[in-house]
Ligand code: BGC
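Numbering (our numbering), first residue to last: 1 to 721.
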């Protein structure tokens with residue numbers, strides 16, 4: 001890459017909070033066939049050539065493990081070129097120099113915040129006469145203070161539209177690694193949808209609030225007619241309190257504030273170097289009377305291709321499906337994050353491994369996860385330990401079972417859904433290292449005992465005052481040890497490696513697990529034992545789980561670890577009706593309860609807002625946390641009945657085994673596999689159930705206890721009720 005021969009540049013003197021804008025003017029006298037800009041920054045940047053925006057990548061260069069990997073974007077700028085040219089680049093703190101995460105203070109965080117801002121670029125011109133010219137970042141560049149007075153991931157952006165950069169000063173070159181520069185690997189982060197404000201209203205407490213009707217991640221664009229010096233300022237919120245008043249205590253340390261000083265006249269603006277998770281904004285200052293048509297929410301996320309759709313005869317279920325998709329859109333902003341609003345927004349490994357399967361039905365997540373997994377491998381510690389978040393901004397925090405296991409679960413899932421073996425090749429060493437790490441820290445060989453764990457995080461059977469459910473941590477950790485070892489074996493076999501050692505390890509773990517945990521005490525323990533192939537008699541354990549669920553009032557007691565699999569285990573062992581009972585439950589706890597409370601995304605807690613309108617808590621209560629949206633993979637695979645067996649990764653052959661339920665009337669699932677469109681619909685009619693299957697590949701149809709193969713094409717089946 002040509003950019004590797006350019007110099008890193010930074011501001012001279014103390015930049016303070018103000019975001020610098022860098023510039024280079026140059027003259028091009030010959031006709032140019034192609035002009036290509038290679039560029040990246042320490043921070044987030046936005047580039048302009050001759051006053052026109054370069055590309056549409058928002059928050060470029062995205063978020064990677066910056067210590068070792070920094071993506072370079074390449075833009076074709078031929079159409080923007082003139083004879084006299086000016087290239088300008090504004091650089092904000094972004095993730096690179098932000099105090100991530102907000103709630104702890106550590107030496108590493110201080111170090112990161114104190115890093116310099118930096119820019120590196122190479123503009124490569126190929127002229128029609130065959131000659132070439134390259135304009136690089138070097139001492140010919142200048143910098144000035146930009147109108148962006150402050151910008152940061154959690155706290156928001158401050159902009160003064162009256163400021164025209166004019167105090168151009170000499171830059172300083174910066175001694176920073178160029179070995180970390182890599183080509184763009186992830187999806188491009190773009191503005192993907194504009195949502196007009198639904199209304200502007202006054203709360204009982206007297207605040208002026210704009211409601212967009214949908215929780216989104218991105219920013220608000222506004223249009224104001226103002227006098228120079230008048231101000232616009234607003235903060236963000238996801239929900240209102242029980243009286244309908246402004247509420248954003250759950251953002252914790254994230255101020256999520258926009259402050260804008262107007263120039264004279266009509267102006268339209270939105271933040272460019274930060275983002276927010278919100279449904280509402282509160283106008284703290286606004287010139288004149290605010291009208292809904294002056295505000296638009298802009299959704300920003302990794303622009304993955306949409307591939308999956310679910311639709312049913314239940315309006316509430318449809319809202320749940322929509323909430324899951326919005327949860328994904330709001331949290332797939334270059335890295336898979338827990339939530340987009342409070343002072344976290346981190347690549348929590350546990351959340352990602354829980355949701356990856358559902359996510360990979362709705363969108364083609366191949367590129368997105370391959371990039372993130374490269375960061376996971378890059379940040380994996382010497383010992384093989386995988387941290388809690390990737391990029392690892394918590395380098396001192398211990399890994400945990402079901403979180404670090406993302407190292408094995410995620411590559412395998414991407415391979416399974418898309419059939420792309422390269423992800424396994426890329427990650428195999430990292431997967432092995434994770435499994436070896438467990439072996440090196442456990443107190444009991446062939447199990448994982450001891451060590452820090454998050455347990456069945458947010459399990460509903462948690463003892464009072466604890467976030468961790470009652471399932472035994474040693475059991476969960478040992479079950480995931482078995483799972484990850486098994487995935488290493490499977491991966492090694494796909495790649496033709498010798499996996500005999502891991503095969504033996506897996507056998508040992510299963511056998512020791514059975515001895516150590518002869519009985520299961522919670523829903524999650526039963527779920528894991530069956531789902532990971534550990535229970536000696538899976539049918540008996542699944543039956544006992546069904547019994548326990550009923551005894552618990554036909555309610556979930558599971559947390560992050562058990563919830564994604566519980567419906568699978570029930571329906572795979574003859575309790576589909578009970579799975580549906582759980583999914584269709586409208587009261588707390590269950591997927592539809594938030595829907596009845598007007599949720600537009602998935603909540604961190606089933607009762608983020610309680611029946612009486614009060615909140616679960618103020619310090620850990622996100623209303624856009626995708627983890628429980630994992631249930632969508634059950635809807636695709638078990639409810640609609642579309643899946644594949646592991647030997648046919650990438651849906652090269654399909655298994656069609658639906659579990660219809662009359663309470664819905666009908667359910668339709670469509671998934672654009674890399675082989676073509678796969679879709680299924682079941683409908684209850686007067687005297688039976690009608691099934692429609694469209695498959696691009698041969699399918700094994702399992703209906704009414706019979707199995708038969710059908711070829712590619714459209715097929716109709718019928719069964720009595
Ligand atoms: C995050 C989670 C995460 C957890 C670790 C929380 O603060 O929001 O989703 O997995 O910490 O247990």
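All residues carry an ideal CB built from backbone N, CA and C; glycine is no exception.
Judging by CA-CA distance, which residue of the options is the nearest neighbour of residue i?
i           : options               : result
residue 668 : 699, 274, 259 and 636 : 636
residue 14  : 170, 590, 164 and 132 : 170
residue 701 : 688, 686 and 719      : 719
residue 578 : 172, 553, 52 and 141  : 553
residue 456 : 366, 113, 566 and 497 : 566
residue 178 : 677, 68 and 450       : 68
residue 290 : 211, 489, 338 and 245 : 211
residue 304 : 284, 246, 224 and 188 : 188
residue 499 : 508, 510 and 485      : 485
residue 185 : 256, 62 and 219       : 62
residue 382 : 19, 549, 78 and 398   : 398
residue 41  : 296, 94 and 633       : 94
Report yes if the CB atom of residue i is closer than 8 Å to the CB atom of residue j, and no otherwise.
i           : j           : result
residue 386 : residue 362 : no
residue 66  : residue 37  : no
residue 323 : residue 601 : yes
residue 90  : residue 45  : yes
residue 590 : residue 606 : yes
residue 723 : residue 101 : The structure shown has nothing for residue 723, since the chain only spans 1 to 721.
residue 404 : residue 434 : yes
residue 23  : residue 140 : no
residue 353 : residue 432 : no
residue 339 : residue 624 : yes
residue 390 : residue 347 : yes
residue 341 : residue 251 : yes
residue 569 : residue 542 : yes
residue 335 : residue 217 : no
residue 228 : residue 158 : no
Are there 16 or more other CB atoms within 10 angstroms of the CB of residue i, so buried, or fewer, so exposed?
i           : result
residue 551 : exposed
residue 587 : exposed
residue 671 : buried
residue 452 : exposed
residue 536 : exposed
residue 524 : buried
residue 351 : buried
residue 357 : buried
residue 371 : buried
residue 564 : buried
residue 604 : buried
residue 505 : buried
residue 468 : buried
residue 450 : exposed
residue 215 : buried
residue 222 : buried
residue 528 : buried
residue 490 : buried
residue 245 : exposed
residue 539 : exposed
Between which two residues does the beta strand (DSSP E) carrying residue i extend?
i           : result
residue 452 : Taken as a continuous stretch (DSSP letters only), residue 452 belongs to no beta strand (DSSP E), as it is neither H nor E.
residue 118 : 118 to 127
residue 34  : 32 to 42
residue 185 : Run containing residue 185: none; DSSP gives neither H nor E here.
residue 703 : 699 to 703
residue 311 : 308 to 312
residue 232 : 231 to 237
residue 20  : 20 to 27
residue 216 : 208 to 226
residue 266 : 265 to 269
Since residue i is in the alpha helix (DSSP H), which residue starts that stretch and which ends it?
i           : result
residue 275 : Segment: none, residue 275 is in no alpha helix (DSSP H) and carries neither H nor E.
residue 478 : 473 to 495
residue 372 : 366 to 379
residue 417 : 406 to 418
residue 327 : 315 to 331
residue 296 : Where residue 296 is concerned, there is no enclosing alpha helix (DSSP H), although the beta strand (DSSP E) it sits in stretches over 295 to 302.
residue 568 : 563 to 572
Spell out whether any CB of chain E is found under 8 Å from the CB atom of residue i.
i           : result
residue 487 : You won't find chain E in this structure, because it holds only one protein chain.
Report the residue ranges of all alpha helix (DSSP H) runs contained in full by the stretch 51 to 103; include only those spanning at least 4 residues, in chain order.
none
Where in the stretch 515 to 557 do unbroken runs of the alpha helix (DSSP H), each at least 4 residues long, occur, reported from the N-terminal end onward?
523 to 531 and 538 to 551
Considering only residues of the stretch 604 to 687, which uninterrupted alpha helix (DSSP H) runs meet the minimum length of 4 residues and lie entirely inside it, listed in chain order?
631 to 634
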